[in-house]
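What follows is a single structure, written as structure tokens, with notes after it.
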Amino acid sequence: MIRIAELQDRLHRHYPPGSAQGWDRVGLVTGDVDDQLRGVLLTVDVTDAVIEQAIRLGANLIIAHHPLLLRGVNAVDPAHPKGRMITSLIRHRIALITAHTNADIPAGGVAESLAAALGLADTRPLQVIEVTESTDAAAVAGMGRIGRIEPITLAAFAERVAAVLPATAGGVRVAGDPDRTISTVALQGGAGDDLLDLARQSGADVYLTSDLRHHPASEAVAWKDSPALIDVSHWAAEWIWLPPLQTELQTQLADPAIKITVSELRTDPWDFVVARPTT
């Protein structure tokens, strides 16, 4: 019998909670880790639909990237969305474990998985994370990645990004000359406008991230040495980590009876766009 605690230990060895940023909320959220592990569902976000999927699959562990309780609640009230989901998890005896910024920084984590999916070579962290006593030094690499690709145009690279990431309503937004040659790529899965300056200082030809706001993006492209910018769905950029995580955990468990499933439910919040020609 494999307990939930055993898989949690394996997950935390590679994605140590101590390496998460101070504001983050990672680790066990609900559930009894002494329960026998029956199945696992991997997701970026916890939603009602994801919980329903876990119930249908008979999975009693959800591993999510985004914390359900990052912004806490004062009561587990089923009238509140978070309270409703917590109630459902407890009622169906489903454990929830979150790996957020502790999964962003290590080798094999979110940023590195995105870099690998896009074909980057010779990758290194865009921002090195200082190792502290609470951090598993062997697992820490840093935020974001920068690496090389064979030279292609910005337009062609954007097409590659669109082909690699799961489709979303927002698609792929690009700032830059479509004919610009791209050979060095910086990226950060999830929100990344806090790394815009580092991306420029790194000498990257393009910086790919999510949730770019108007003013930081406008100020970034005003620099003469600015990289081109590619803005993609936050969910899509981080979902790309789930298939490698599935393979990693399934190999470690070495028990084909315990199925680890990647949820393909789109938890990106946007449903459609209404576009008008820009020229």
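Residue numbering for the sequence shown is 367 to 645, as defined by the numbering used here.
Glycine included, every Cβ here is placed at the ideal spot set by N, Cα and C.
Taking all protein chains shown into account, do 16 or more other C-beta atoms lie within 10 angstroms of the C-beta of residue 632, making it buried, or fewer, making it exposed? Position 266 of the sequence shown, counted from the first residue, corresponds to residue 632. Buried, because 16 or more other Cβ atoms sit within 10 Å of the Cβ of residue 632.
Simplified DSSP state of residue 503, which is helix, strand or coil: Position 137 of the sequence shown, counting from 1, holds the residue named residue 503. A caution first: residue 503 carries a pLDDT of 47, below 50, which makes its placement in the model too unreliable to give a value.
Cut-off 7 Å between Cβ atoms - residues of its own chain near residue 454, not counting five sequence neighbours on either side: In the sequence shown, residue 454 corresponds to position 88, counting from 1. Within the same chain, and ignoring the five residues on either side of residue 454 in sequence, the residues whose Cβ sits closer than 7 Å to its Cβ are 417.
Local conformation of residue 640 per DSSP, three classes: If you number the sequence shown from 1, residue 640 lands on position 274. Coil, per DSSP.
Where residue 697 sits in the DSSP three-state scheme: One cannot answer for residue 697 here, as it falls past the ends of the chain, which runs 367 to 645.
Mind the definition here: the stretch 542 to 560 touches the stretch 572 to 591 only if three or more C-beta pairs lie below 8 Å; say whether that holds. Using a C-beta cut-off of 8 Å, the stretch 542 to 560 makes contact with the stretch 572 to 591, since at least three inter-stretch Cβ pairs fall below that distance.
Would you mind stating whether residue 377 and residue 463 have Cβ atoms separated by less than 8 Å? Numbered from 1 along the sequence shown, position 11 holds the residue referred to as residue 377. Numbered from 1 along the sequence shown, position 97 holds the residue referred to as residue 463. Cβ atoms of residue 377 and residue 463: closer than 8 Å.
Which class does residue 576 belong to by DSSP, given the choice of helix, strand or coil? Counting from one through the sequence shown, the residue named residue 576 turns up at place 210. In the structure shown, residue 576 adopts extended strand secondary structure according to DSSP, grouped into three states.
Unbroken beta strand (DSSP E) run spanning residue 462, endpoints: Here residue 462 refers to the residue found at position 96 when the sequence shown is read from its first residue. Element bounds for residue 462: 461 to 464.
Identity of the residue in 623, 602, 628, 601 nearest residue 610 by Cα: As a position in the sequence shown, residue 610 is number 244, starting the count at 1. Closest option to residue 610, Cα to Cα, is 628.
Leaving out five residues on either side along the sequence, give the residues of the same chain with a beta carbon under 6 Å from the beta carbon of residue 540. Numbered from its first residue, the sequence shown carries residue 540 at position 174. 524, 596, listed in sequence order.
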